[in-house]
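K.L.:
Protein chains in written order, with the numbering used here: chain S, 162 to 439; chain U, 162 to 439. Backbone N, C-alpha and C fix where the C-beta goes; we use that ideal spot for every residue, glycine too. Computed from a predicted model, the values in this text were never measured in an experiment. My structure is below; once you've seen it, I'll send some questions.
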């Protein structure tokens, strides 16, 4: 398999992994967001992922992947996953040997203002739940889409700069500017674990959720709920029945730790790059 | 989406559709053949499917797709699906307007001896359960792989000719030489049905299995078992609980109507080409 194929497989393995409390998984749909929307999203992401492996910029590849991902009826399925996967695919292709946090950091640090503009344009393809922008920079609200591009350009902000500004409020931005720390740690856990890869990924998801509150849960339900969800995830670790009950409860309450699922997908990609086989 | 993307999505929707008695589906694995093997098979098939849409011959595209599909640990996941999908993708690309049985027939009738050689080579990438060859043509046993190519060449047999020789014993070969009759009928059923596409595909699968005994079941368990399975499928139509029970029973007995699943995947592709959306 090529890095682009492994990234596409990572998207599919992520959604197939179960139980992944609060997320669509092999055994659970949300009300209007179903398993098949993620399958179509993974198929549609393929071209952008191949672009990332073929010398396109991070921004171009990401916007193409998001545009392809959005051609299904469920809305946003894998925007956050792709934000992590695109630079990781580029790092896997550009540097020899095992994919490292340093390789990934070199890719994201080399992003440009044009990449930032592509990132903002990507929000026009699909509705993404995001936190509010910094109070002192309302002109950089990602929800403005391409209307925010003149502000990016006048301030000379690269995509890395944009992620740095969001790192205190967004778990995926934190991965970008922090050497993909949680991604690589979860990849190590998947590599060291035994059994079918989706089962390993489900365990890695629960560990990630237990360790840190989820950005999307915080955005949609507030910090207190997010902290409680992480505590419940910690309690369910190592107890499959408890994890299943938590999955039922969170789906019933529409509490969706989507950022944790994004990092799980990125970790699956790194694990596949490091030799884990399905 | 492009035709190649729709074909890849059809592979994924097929395996996600449940209950699909006797087959891997969203809710069931077989002993050594699990859901994630089909996900990896669909990812690996992508390049061959894109070749089919980009002027490669049927044989070249099919061999590439099978080689890519086989890069996972479950063995044969989608050989038969790809045998139907590759000419259908070419037909969708080569002829304007709605994909028709006549378009598909024009593609398969134009196959060459070189396509037949590629088909035989494809058997070297993965173990495929097949019926015995015609008694008067042991030299054309597909299990011989590329060793059979001199016999193909000396007899001037195209891939269409090879399928014609197998049509009495193989449901997929029958689709090739019979205008993809069951594929298009099942596609019509999926188009006319309501609800999530995987649910429609599961109902189409049960109808197909009820209507005609499955080639793979006949090959592995004999004609009497295959006829019985079709009767049970007929009894379970329209009764979801009965279909679930049949799915449990067939998986427990390793009775795998895989050819019916192949036709379901092909029907999903035609339905997607005709405008069904996920």
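Do you know offhand how far residue 271 of chain S's Cα is from residue 321 of chain S's?
P.N.:
Position 110 of the first chain, counted from the first residue, corresponds to residue 271 of chain S. Position 160 of the first chain, counted from the first residue, corresponds to residue 321 of chain S. Residue 271 of chain S and residue 321 of chain S: Cα-Cα distance of roughly 8 Å.
K.L.:
Apart from the five residues just before and just after residue 376 of chain U, which ones in its own chain have a Cβ nearer than 6 Å to its Cβ?
P.N.:
Position 215 of the second chain holds residue 376 of chain U. Same-chain partners within the cutoff: 331, 332 and 420.
K.L.:
Closer than 7 Å, Cβ to any Cβ of chain U: which residues of the region 340-368 of chain S, in chain order?
P.N.:
Residues passing the 7 Å Cβ filter: 357, 358 and 359.
K.L.:
Which chain S residues are close to residue 198 of chain U, counting only those with a beta carbon under 7 Å from its beta carbon?
P.N.:
For the purposes of this step, residue 198 of chain U is identified with residue 37 of the second chain, where counting begins at 1. Ordered by position in chain S, the residues that pass the 7 Å Cβ test against residue 198 of chain U are 439.
K.L.:
So what does DSSP say about residue 368 of chain S, is it helix, strand or coil?
P.N.:
Here the question's residue 368 of chain S lines up with position 207 in the first chain. Helix.
K.L.:
Taking residue 232 of chain U as the reference, give the member of S:215, S:389, S:163 and S:352 with the closest Cα.
P.N.:
Counting from 1 along the second chain, the entry for residue 232 of chain U is found at position 71. Checking every option, the nearest Cα to that of residue 232 of chain U belongs to S:163.
K.L.:
Is any beta-carbon of chain S found at less than 8 Å from that of residue 411 of chain U?
P.N.:
As a working note, residue 411 of chain U is residue 250 in the second chain. No, because no Cβ of chain S sits closer than 8 Å to the Cβ of residue 411 of chain U.
K.L.:
Is the Cβ of residue 204 of chain S closer than 8 Å to any Cβ of chain B?
P.N.:
As a matter of chain content, chain B is missing from the structure shown, whose protein chains are S and U.
K.L.:
Can you name, in chain order, every residue of its own chain whose Cβ lies under 7 Å from the Cβ of residue 228 of chain S, other than the five neighbours on each side?
P.N.:
Position 67 of the first chain, counted from the start, is the residue given in the question as residue 228 of chain S. So the qualifying residues of the chain are 286.
K.L.:
The alpha helix (DSSP H) with residue 188 of chain S in it runs from where to where?
P.N.:
What you label residue 188 of chain S is simply residue 27 of the first chain in a count that begins at 1. Element bounds for residue 188 of chain S: n/a, residue is neither H nor E.
K.L.:
Less than 8 Å between the C-beta atoms of residue 201 of chain S and residue 187 of chain S, yes or no?
P.N.:
As a working mapping, residue 201 of chain S is identified with position 40 in the first chain. As a working mapping, residue 187 of chain S is identified with position 26 in the first chain. Going by C-beta atoms, residue 201 of chain S is not nearer than 8 Å to residue 187 of chain S.
K.L.:
In terms of residues, what are the limits of the alpha helix (DSSP H) holding residue 391 of chain S?
P.N.:
Stepping through the first chain from its first residue, residue 391 of chain S is reached at position 230. Note, residue 391 of chain S: alpha helix (DSSP H), 384-397.
K.L.:
Pairs of beta-carbons, one from the region 214-226 of chain U and one from the region 246-257 of chain U, closer than 8 Å: are there three or more?
P.N.:
They touch, by the three-pair rule.
K.L.:
Quick one: which residues of the region 304-320 of chain S get their C-beta closer than 9 Å to a C-beta of chain U? List them in chain order.
P.N.:
Cβ contacts with chain U come from no residue of the region 304-320 of chain S.
K.L.:
Does any residue of chain S bring its CB to less than 8 Å from the CB of residue 209 of chain U?
P.N.:
By one-based count along the second chain, residue 209 of chain U stands at place 48. So, not an interface residue.
K.L.:
Near residue 393 of chain U, which residues of its chain fall below 6 Å by C-beta distance, leaving aside the five closest residues on each side in sequence?
P.N.:
By 1-based counting over the second chain, the position of residue 393 of chain U is 232. So the list reads 407, once near-sequence residues are dropped.
K.L.:
For residue 187 of chain S and chain U, any beta-carbon pair shorter than 8 Å?
P.N.:
The sequence position of residue 187 of chain S within the first chain is 26, counting from 1. Yes, because at least one Cβ of chain U sits closer than 8 Å to the Cβ of residue 187 of chain S.
K.L.:
Using a Cβ cut-off of 8 Å (strictly closer), state whether residue 177 of chain U contacts chain S.
P.N.:
Start at 1 with the first residue of the second chain, and residue 177 of chain U comes out as number 16. Chain S, which has a Cβ nearer than 8 Å to the Cβ of residue 177 of chain U, makes this yes.
K.L.:
Cβ of residue 260 of chain S less than 8 Å from any chain U Cβ?
P.N.:
What you label residue 260 of chain S is simply residue 99 of the first chain in a count that begins at 1. Closer than 8 Å: no.
K.L.:
Can you pull the chain S residues whose beta carbon is under 7 Å from the beta carbon of residue 234 of chain U, in chain order?
P.N.:
The residue labelled residue 234 of chain U in the question sits at position 73 within the second chain. Residues of chain S passing the Cβ test: 438 and 439.
K.L.:
I want to verify the contact list: residues of chain U whose CB lies under 8 Å from the CB of residue 136 of chain S, in sequence order.
P.N.:
Nothing can be reported for residue 136 of chain S, as the shown portion of chain S is limited to 162 through 439.
K.L.:
I'd like to know whether the C-beta atoms of residue 428 of chain S and residue 365 of chain S end up nearer to each other than 8 Å.
P.N.:
Residue numbering aside, residue 428 of chain S sits at position 267 when the first chain is read from its first letter. Residue numbering aside, residue 365 of chain S sits at position 204 when the first chain is read from its first letter. Yes.
K.L.:
Whose CA, out of S:417, S:353 and S:350, lies closest to the CA of residue 380 of chain S?
P.N.:
Walking along the first chain from the start, residue 380 of chain S turns up at place 219. Nearest option by C-alpha distance: S:417.
K.L.:
Using a Cβ cut-off of 7 Å, pull out every chain U residue sitting near residue 195 of chain S, in sequence order please.
P.N.:
Position 34 of the first chain, counting from 1, holds the residue named residue 195 of chain S. Within 7 Å Cβ-Cβ: 357.
K.L.:
Quick one: give me the first and last residue of the alpha helix (DSSP H) that residue 287 of chain U is part of.
P.N.:
Counted from its first residue, the second chain places residue 287 of chain U at position 126. Taken as a continuous stretch (DSSP letters only), residue 287 of chain U belongs to no alpha helix (DSSP H), as it is neither H nor E.
K.L.:
What in chain S is Cβ-close to residue 230 of chain U, meaning under 7 Å?
P.N.:
Your numbering for residue 230 of chain U matches position 69 in the second chain. Neighbours of residue 230 of chain U on chain S: none; closest Cβ ~11 Å, over 7 Å.
K.L.:
For residue 249 of chain U, return the contacting residues in chain S, with the cut-off set at a CB-CB distance below 8 Å.
P.N.:
Walking along the second chain from the start, residue 249 of chain U turns up at place 88. Those do not exist, as residue 249 of chain U stays about 16 Å from chain S at its closest Cβ, beyond 8 Å.
K.L.:
What is the DSSP secondary structure of residue 163 of chain U, reduced to helix, strand or coil?
P.N.:
Residue 163 of chain U sits at position 2 when you count from the first residue of the second chain. Coil.
K.L.:
Does the distance from the CB of residue 368 of chain U to the CB of residue 350 of chain U come in under 8 Å?
P.N.:
The count along the second chain starts at 1 and reaches residue 368 of chain U at position 207. The count along the second chain starts at 1 and reaches residue 350 of chain U at position 189. Against a cut-off of 8 Å, the Cβ pair of residue 350 of chain U and residue 368 of chain U comes out as a contact.
K.L.:
Listing by chain order, which chain U residues have their CB less than 9 Å from the CB of residue 173 of chain S?
P.N.:
Translated into positions along the first chain, residue 173 of chain S becomes position 12. Result: 173, 197, 200, 201, 203 and 204.
K.L.:
Residue 291 of chain U and residue 304 of chain U - do their beta-carbons sit closer together than 8 Å?
P.N.:
Along the second chain, read from residue 1 onward, the residue named residue 304 of chain U stands at position 143. Along the second chain, read from residue 1 onward, the residue named residue 291 of chain U stands at position 130. In this structure, residue 291 of chain U lies closer than 8 Å to residue 304 of chain U by Cβ.
K.L.:
Please tell me whether residue 212 of chain S has its Cβ less than 8 Å away from any Cβ of chain U.
P.N.:
Position 51 of the first chain, counted from the first residue, corresponds to residue 212 of chain S. Cβ-Cβ to chain U under 8 Å: no for residue 212 of chain S.
K.L.:
Taking the beta carbon of residue 259 of chain S as the centre, do at least 16 other beta carbons fall within 10 Å, making it buried, or is it exposed?
P.N.:
To locate residue 259 of chain S, count along the first chain from 1; it is residue 98. Classification for residue 259 of chain S: exposed.
K.L.:
Mapping the DSSP letters down to three states, classify residue 296 of chain U as helix, strand or coil.
P.N.:
Within the second chain, the letter at position 135 stands for residue 296 of chain U. Looking at residue 296 of chain U - three-state DSSP - the assignment turns out to be coil, as it is neither helix nor strand.
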